[in-house]
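Residue numbers (this note's numbering): 337 to 734.
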Amino acid sequence: MRLRDLRSALPRPRELPPWQQNGLVALAVFAGGTMLYLTDSHRLLPNGDPFPLWIRFAELGAICLAAFLRRKVPWGLLVTTGIVGVDVALGLSLPIAIAYTDFLYSAMLYGSRWTTRVLVGVTATITLTVLFVFLAVAGWRAAALGAFSMLSFLLVPVWWGANVRQQSDIAASERANAEQLATIAALDRKAAVAAERSRMARDLHDVVAGHLSAIAIQSEAALSMADDPKTAQTVLVAVRENSVRALEEMRAMIGLLRSEAAEDEVTAPARLAELARLVESARAAGMTVTVDSTVDEELTLPTAVDLTAYRIAQEALTNAVKHAPGSRATVRLRVADGTLTVEIGNELLGAPGRSDSGGHGLLSMSERAHAVGGTLRVGPSGPRWLVHAELPLAGEPS
C-alpha cells in the first residue's frame with residue numbers, strides 16, 4: 337500500500353471547536369507564565385522587578401482571558417496591545433511578550449486583508465524605529481539585542497501567520513477548483529449518457545418501425561379481403577406475428593435503455609451485417625483492416641446484443657482512425673458458449689489515446705455492454721490497443 341493510500345485510510349483527528357482551542361491556549365499561557373513568575377525568570381530588562389507578583393499575575397490573567405478573543409480581529413489584538421502597553425510601563429516581562437506573539441499570529445491568520453496589511457506595516461515601522469533609537473542612544477550592541485527581540489516577538493509571528501494564511505488560501509482555492517471540476521465532469525458525464533440514451537432510443541425506433549409498418553399494410557389488406565376469409569385469416573396471422581415480434585423487440589430495447597429489465601429478448605435481423613460498411617469506411621480513411629469472423633451469416637442475434645456489438649465495433653474503429661491513423665486493425669467476431677465476443681485491436685502509434693469525445697465513446701461502449709449483461713475491457717495489450725467485449729446471447733440487461 338502506498339503512503340498516500342495509507343494516510344487516506346487512517347482516521348482524521350477531530351478538530352476542536354474554536355472556544356476549546358482558545359481555552360487550551362489560555363491554559364498554556366497561564367501555566368507557562370506562572371512557572372516563569374514563580375522562578376523569577378520573567379524579566380526581559382536587566383533591572384530588578386519592583387512590583388509585587390500579584391500585579392504580574394493580574395496582567396497574566398487579563399491576557400489569558402483575552403485569549404478567547406484571538407479570532408475576533410482586530411478587537412482581540414487591540415485589547416492585548418493595551419495589556420502589553422501596561423506591561424512595558426511596568427517593565428517588560430517574558431510571559432506577556434510570548435502570549436502577545438500568538439495574538440499577532442492569529443491576527444494575520446484570521447484578520448481581514450486590510451488588517452493584515454496594516455499590521456505588517458506597523459510591525460515593520462516599530463522594528464525599524466526601535467533599531468534606530470537603540471543604535472543612536474545605546475550603541476550597536478543594544479541595537480543588535482533590540483533587533484533580535486523585535487525579530488522574535490514581532491516579525492516572526494507576523495511572517496509565520498502570513499505564510500500559514502497563504503497556504504490555507506491556496507488549499508481553499510484548490511478545493512474549490514476540484515469541486516468545480518468534479519461538477520463539470522458529472523454534468524459532462526450526464527450529458528454523454530443522455531446523448532447515448534437518445535441514440536439508443538433512435539435504435540428502438542429503427543427496430544420496431546419496420547414491424548409496425550408491416551402491421552399497418554397487412555391489416556389494411558385484411559380489411560379489404562372480407563369476401564375471402566381464408567386469405568384474410570392468413571394475413572391476420574402474419575399481423576399477429578409481426579405485432580408480437582415488435583412488442584418483444586420493443587421490450588428488449590426498453591430494457592436496454594433502462595438497464596434494469598429482465599425480459600428475455602428475441603432475435604432480429606443482424607445489424608452486424610452492416611459491419612462491412614464500417615470496415616470500408618475505415619479503409620477509406622487509410623487504415624488496413626482485417627476481419628476475422630466465425631459467426632454464421634445465417635445466425636440471428638438478440639436485438640439488443642446485435643445493436644450493442646455493432647455500436648462497439650463502430651466506436652472502436654472510429655477511435656482507431658482518429659488516434660492511430662494509417663495503422664493496422666483487426667476485427668474478430670466469435671460465438672461460443674452462448675457468448676458473442678467482439679474484439680477490435682489496432683497498432684499503437686505513440687501514446688495510447690483515449691476514446692473519442694473526451695472519454696464519452698468509452699462510456700457509451702461500457703454502458704451498452706453492461707446493459708445487456710456483458711463485459712468490456714479497453715486498454716493497451718502489448719504493442720496494440722484492444723477493445724474486447726463479451727456479450728451473452730441471452731441478452732439479459734444487468
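Just so you know, even glycine gets a beta-carbon here, dropped at the ideal spot from N, CA and C.
- In the three-state scheme derived from DSSP, where H, G and I count as helix and E and B as strand, Val714 is classed as strand.
- Using a 10 angstroms sphere on the CB of Asn513, the tally of other CB atoms stays under 16, which defines it as exposed.
- The residue from Val365, Leu727, Ala402, Ala435 with its alpha-carbon nearest to that of Val641 is Leu727.
- Sequence-distant Cβ neighbours of Pro661 in its own chain, meaning closer than 6 Å and more than five residues away, are Gly622.
- Around Phe439, the same chain offers Arg406, Gly412, Leu413, Thr416 as residues with beta carbons nearer than 7 Å, after the five sequence neighbours per side are excluded.
- Annotated as proximal: Leu396 and Pro431, with beta-carbon spacing under 7 Å.
- Of Gly715, Leu676, Gly681, Trp721, the smallest CA-CA separation from Ala705 is found for Leu676.
- Per the C-alpha coordinates, the member of Leu426, Leu360, Pro410 positioned closest to His378 is Leu426.
- Where Val625 is concerned, the enclosing beta strand (DSSP E) starts and stops at 624 to 629.
- Measuring C-alpha to C-alpha distances from Ala665 to each of Thr626, Ile399, Leu643, Leu352 identifies Thr626 as the nearest.
- Judged by beta-carbon spacing, Thr451 lies within the 7 Å limit of Val409, meaning their Cβ atoms are closer than that value.
- Counted as a single uninterrupted DSSP element, the beta strand (DSSP E) harbouring Pro728 occupies residues 720 to 728.
- Comparing C-alpha distances from Glu679 to each of Ile648, Lys658, His659, Val657 shows the shortest one belongs to Ile648.
- In the DSSP annotation of this structure, the continuous segment of the alpha helix (DSSP H) that includes Glu395 starts and ends at 389 to 401.
- Taking Asp423 as the centre and dropping the five residues before and after it, the same chain places the C-beta of Glu395, Ser429, Ile432 closer than 7 Å to its C-beta, in chain order.
- Around the CB of Gly475, fewer than 16 other CB atoms lie within 10 Å, so the residue is classed as exposed.
- Counting only residues of its own chain and dropping the five nearest sequence neighbours on each side, Leu608 has a CB closer than 8 Å to the CB of Val631, Leu637, Asp642, Ala645, Tyr646, Ala649, Leu669.
- Looking only at Leu363, Leu490, Ile434, the smallest Cα-Cα distance to Val456 is reached by Leu490.
- Inter-residue distance for Gly359 and Phe404 is about 7 Å (C-alpha atoms, whole angstroms).
- For the set Leu517, Ser448, Thr463, Arg533, the Cα lying nearest the Cα of Ser485 is the one of Thr463.
- Residue range 639 to 659 is occupied by the alpha helix (DSSP H) that includes Thr639.
- In the structure shown, the three-state DSSP call for Ser617 is helix.
- Residue pairing by DSSP places Asn682 opposite Ala665, Trp721 in a beta bridge.
- Contact between Ala435 and Val365 holds, since their C-beta atoms are separated by about 5 Å, short of 8 Å.
- In the DSSP assignment, Ser442 falls within the unbroken alpha helix (DSSP H) covering 430 to 446.
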